[in-house]
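J.: The numbering used here puts the sequence shown at residues 2 to 107.
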Amino acid sequence: MTDIISDLLINNKPYFVSVFVNSDVEYLSRKLPQEVLSQHVDDDVMLANEVLKFIPESKSIDTKVFAGALRAAFLTILNEKTIGTDIYNEVFKFIVRGIVKQLLKD
2 MTDIISDLLI NNKPYFVSVF VNSDVEYLSR KLPQEVLSQH VDDDVMLANE VLKFIPESKS
62 IDTKVFAGAL RAAFLTILNE KTIGTDIYNE VFKFIVRGIV KQLLKD
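1. If you measure between the beta carbons of I100 and A68, is that distance less than 8 angstroms?
2. Just to confirm, are I62 and Q103 a CB contact at a threshold of 8 angstroms?
3. Just mark L76 as buried or exposed, buried being the case when its beta carbon has 16 or more other beta carbons within 10 Å.
4. I96 lies in the alpha helix (DSSP H); which residues open and close that run?
5. On the DSSP letters alone, give me the boundaries of the alpha helix (DSSP H) that S39 sits inside.
6. If I'm right that R72 touches D43 with Cβ under 8 angstroms, what's the distance once you round it to whole angstroms?
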């Protein structure tokens, strides 16, 4: 599962980086109405809930926390240089592995 999630985001990294860096995430988050930002969070939670349905061990996981953890991992793409370009993919997999372990801990 770690490899699936990691590969999905890492293989699509050029697309996500161009969208985020070129559109300035911080600027957008300040300028967008709160309702729009809330809708994106709600969409993330709905998607996370759909993912969790396929993982029976995840019954005790708070869907909002899971969605937030995925969002946090995803946003590390913006800090690849700070993290270290040469180790970024391994660091990302390390973070995702932690999320997956939490899903399967029960």
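Where a beta carbon is used, it is the ideal one built from N, C-alpha and C, also for glycine. Computed from a predicted structure; not experimentally measured.
T.: Judging by the given coordinates:
1. no
2. yes
3. exposed
4. Here the alpha helix (DSSP H) through I96 covers 89–104.
5. 35–53
6. Rounded, the Cβ-Cβ distance is 12 angstroms, inconsistent with contact.
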